[in-house]
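Asks: Using the working numbering, the letters of the sequence shown correspond one by one to residues 959 to 1374. Note that CB positions come from ideal geometry on N, CA and C, so glycine has one too. The structure displayed is predicted, hence computed values, not measured ones. Once you've had a glance at the structure underneath, I'll fire off some questions.
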Amino acid sequence: MNLLLIGSGGREHAIAWKLAQNPKVNTIYCAPGNGGTSRENKCKNVNITEMDELVKFAKENSIDLTVVGPEEPLTKGIVNIFKENGLRIFGPSKEGAILEGSKAFSKEFMKKYGVKTAEYEVFSDENKALEYIDGREFPLVIKADGLAAGKGVIICNTLEEGRAAIEELMTSDNFKEAGKTIVVEEFLEGVEASILSITDGETIIPFISAKDHKQILDDNKGPNTGGMGVICPNPYVNDDIMKIFEKDIMNPTLNGIKKEKMDFVGIIFFGLMITKRGVYLLEYNVRMGDPETQGVLSLMKSDLLELIEKALEKDLKNAEVQWENKSACVVIGASLGYPGSYEKNKEISIGDIGESKVFMAGVKDEGNRLLTSGGRVLALVSKAETLDLARKMCYNNIQNVKFENIYYRRDIGIAK
Ligand code: AMP
Ligand code: GLY
């Protein structure tokens, strides 16, 4: 089989690495890929990103299956377009991807189908939003409705911060259409968990749980990022929490997907907050997480391609996903300055990293050199019998991964 994989992050490098393990796979074209996929087994980068070019490429290169990594093409309807062209593709259609593409829509969906989530109100009128927050208790969470590359959620501790957030989201040029509508939401206190899952629209199979570390600094301080490290499984997600998640969140979601006839075949990622009052859904993502994927796929024993094909055949009820009985620790090596501005084009060298694996993200391949090209540069993944051992291996080995001004958190796996 020839596959086309869309995206260029660390997540896509991990997906490519995992898909390449299936013996049926001949070539995986990564569009556009990165400096990790360029050197991965069976992988070839192709420098295309436009929808019509991707369709043309899939037709001309006898692509048997396309897998979509990031949310943006999904919300733009890449799955609808590929299907209209008779091409096989894994991911939700535009009608399903709106669960991530619009927070107002997804909150209404949660309410309609009884998925446990924070209390909220939606506003498209700035004055009404300002009026609403006046006199309310803080903290409050204010969110842009649309996709905002992780920057659209503002936690406000005071009325002043709330006013500033509404103004920023609804009127600043940074958000444009994404902030024309906002969600104002009750603040929940607890620990977060990421549960990725695969669905064929009739069955959802949850993957092993993960714990992201979103903030840039140790002790969960500083601004939010796309994620600075992950551990799997999430130590806060025990069997009881999984049962509550299935009852209060996963099953009502599946019911909603069926009732709305979303024809959702793809990944659903549940962003959870585990609180003293129960397990709440913060958000849906309609793709795998980054860097959750790098940890989760490292522990997956089952074949990912087989699983995807079962989903496409709507046969997940007969599937089972097997996991290694180990823990994984993922630490992101970033460019110092991220998520603000940072320097690029630093040469990367990888020394002895034992049995750990590096997945590249913001990296370009210059033939004989790998150079940094993004904020989150790479992810080092270690796995071991215990979380403690996996952490130790990870932090030992990352010392042998070098580029000028590498920055990483020191407390992945121990921060709450
Ligand atoms: P979201 O994109 O909705 O997952 O929000 C991004 C991050 O903001 C989450 O990972 C949480 O850390 C935080 N967050 C979102 N909603 C809430 C909430 N209702 N209460 C507390 N924190 C939240
Ligand atoms: N790591 C969080 C995300 O991918 O959304």
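1. Is residue 1249 near the ligand GLY, in the sense that its beta carbon is under 7 angstroms from a heavy atom of that ligand?
2. Who are the Cβ neighbours of residue 1188 in its own chain at under 6 angstroms, not counting the five residues just before and after it?
3. Tell me whether residue 1082 is buried or exposed, calling it buried when 16 or more other Cβ atoms sit within 10 Å of its Cβ.
4. Any chance the CB of residue 1185 is under 7 angstroms from a heavy atom of the ligand GLY?
5. Return the Cβ separation of residue 1320 and residue 1333 in integer angstroms, given the expectation that the two are a contact with Cβ distance under 8 angstroms.
6. Counting beta carbon pairs with one atom in the segment 1283-1297 and one in the segment 1334-1344, are three or more of them shorter than 8 angstroms?
7. Once you ignore the five residues that flank residue 1366 on each side, which residues in its own chain have a CB closer than 8 angstroms to its CB?
8. Apart from the five residues just before and just after residue 1021, which ones in its own chain have a Cβ nearer than 6 angstroms to its Cβ?
9. Rounded to the nearest angstrom, how far is the Cβ of residue 1255 from that of residue 1014, given a contact under 8 angstroms?
10. Which of the three DSSP states is assigned to residue 1431 in this structure?
11. Quick one: is the Cβ of residue 1107 within less than 7 angstroms of any heavy atom of the ligand AMP?
12. Which residue marks the beginning of the alpha helix (DSSP H) containing residue 1377, and which one marks its end?
13. Is it buried or exposed for residue 1344, if we count other Cβ within 10 angstroms and need 16 for buried?
14. Report the residue ranges of all alpha helix (DSSP H) runs contained in full by the segment 1272-1332; include only those spanning at least 4 residues, in chain order.
15. Taking Cβ positions, are residue 1076 and residue 1238 nearer each other than 8 angstroms?
16. Using a 10 Å radius around the Cβ and a threshold of 16 neighbouring Cβ atoms, would you call residue 1033 buried or exposed?
17. Counting C-beta neighbours from all protein chains within 10 Å, is the total for residue 1283 16 or more, i.e. buried, or is it exposed?
18. To the nearest angstrom, how far is it from the Cα of residue 964 to the Cα of residue 1078?
19. For residue 1028, does the count of other Cβ atoms within 10 angstroms reach 16, so buried, or fall short, so exposed?
20. Straight-line CA distance for residue 1375 to residue 989?
21. If we require 4 or more residues per run, which alpha helix (DSSP H) segments fall completely within the segment 1119-1180?
22. Residue 1080 and residue 1062: beta carbons closer than 8 angstroms?
23. From residue 1003 to residue 1278, what distance separates their C-alpha atoms?
24. Considering only residues of the same chain and omitting the five flanking positions on each side of residue 1257, which have a CB-CB separation below 7 angstroms?
25. Can you round the beta-carbon distance between residue 1146 and residue 1231 to whole angstroms, since I take them to be within the 8 angstroms contact cut?
26. Can you list, in chain order, the residues of its chain whose CB lies under 7 angstroms from that of residue 1072, leaving out five sequence neighbours each side?
27. Would you say the beta carbon of residue 1063 comes nearer than 7 angstroms to a heavy atom of the ligand AMP?
28. Which stretch, first to last residue, makes up the beta strand (DSSP E) that contains residue 1237?
29. Three or more beta-carbon pairs under 8 angstroms between the segment 1130-1150 and the segment 1087-1100, yes or no?
30. Could you work out which residue in 1306, 1224, 1269 is closest to residue 1327 when comparing CA atoms only?
31. In the DSSP assignment, the beta strand (DSSP E) including residue 989 goes from what residue to what residue?
32. How many angstroms separate the CA atom of residue 1179 from the CA atom of residue 1058?
Replies: The answer reads as follows:
1. yes
2. 1168, 1170, 1249, 1250, 1253, 1288
3. Residue 1082 is classed as exposed because its beta carbon has fewer than 16 other beta carbons within 10 Å across all chains shown.
4. yes
5. Indeed, because the Cβ distance is near 6 angstroms, the residues count as touching under 8 angstroms.
6. With the cut-off at 8 angstroms, the segment 1334-1344 and the segment 1283-1297 touch.
7. 1186, 1187, 1289, 1290, 1291, 1292, 1356
8. Here the set comprises 960, 962.
9. About 29 angstroms; that fails the 8 angstroms criterion.
10. A query on residue 1431 cannot be resolved here, the shown segment of the chain reaching from 959 to 1374 and no further.
11. no
12. It is not possible to answer for residue 1377, since the shown part of the chain is limited to 959 through 1374.
13. exposed
14. Listed in chain order, there is nothing to give.
15. yes
16. Per the 10 Å Cβ criterion, buried.
17. By the neighbour-count criterion, in which 16 or more other beta carbons inside 10 Å mark a residue as buried, residue 1283 falls on the exposed side.
18. 34 angstroms
19. buried
20. The requested residue 1375 does not occur in the structure, where the chain is confined to residues 959 to 1374.
21. List check, alpha helix (DSSP H) in window: nothing returned.
22. Taking 8 angstroms as the Cβ cut-off, residue 1080 and residue 1062 qualify as a contacting pair.
23. 32 angstroms
24. 1166, 1190, 1281, 1282, 1284, 1286, 1341
25. 5 angstroms
26. 1210
27. no
28. 1236-1243
29. yes
30. 1306
31. 985-990
32. 26 angstroms
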